[in-house]
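S.K.: Mind looking over this structure? Questions follow.
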Amino acid sequence: MDWWKNNAKDYPLLSKFAKRYLTPDCTTRMSEGLFSTARNVFTYQRMSLNEAQMIIFLNRILPVINYRY
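With UniProt numbering, letter number 67 in the sequence shown gets 67, and the count goes up by one each step, no holes.
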């Protein structure tokens with residue numbers, strides 16, 4: 001990232017993309033929650049989700065995939 005910072009004036013658009021897409025996320029809370037939810041869905045438990053669990057899953061996954069309802 002230092003290279004992009006030092007050369008930002010020569011490559012302004014690319015440096016913005018690099019800053020946005022090449023840096024790690026500051027928090028892992030969202031990804032941990034997503035993996036936790038995915039673990040429950042894509043394992044043996046997926047066939048035993050009750051209605052409440054399905055609603056919780058949809059509530060968490062729909063914003064992640066930018067679904068508007």
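Just so you know, even glycine gets a beta-carbon here, dropped at the ideal spot from N, CA and C.
Note that the coordinates shown come from a computational prediction; the quantities given were computed from them, not determined experimentally.
Taking the alpha helix (DSSP H) that alanine 18 belongs to, which residues open and close that run?
M.R.: For alanine 18, the enclosing alpha helix (DSSP H) starts and ends at 12-21.
S.K.: CA-CA distance, arginine 60 and alanine 52?
M.R.: Spanning the two alpha carbons is a distance of roughly 13 Å.
S.K.: Starting from isoleucine 56, trace the alpha helix (DSSP H) in both directions and tell me its first and last residue.
M.R.: Start and end: 51-64.
S.K.: Does the distance from the C-beta atom of leucine 13 to that of tryptophan 4 stay below 9 Å?
M.R.: no
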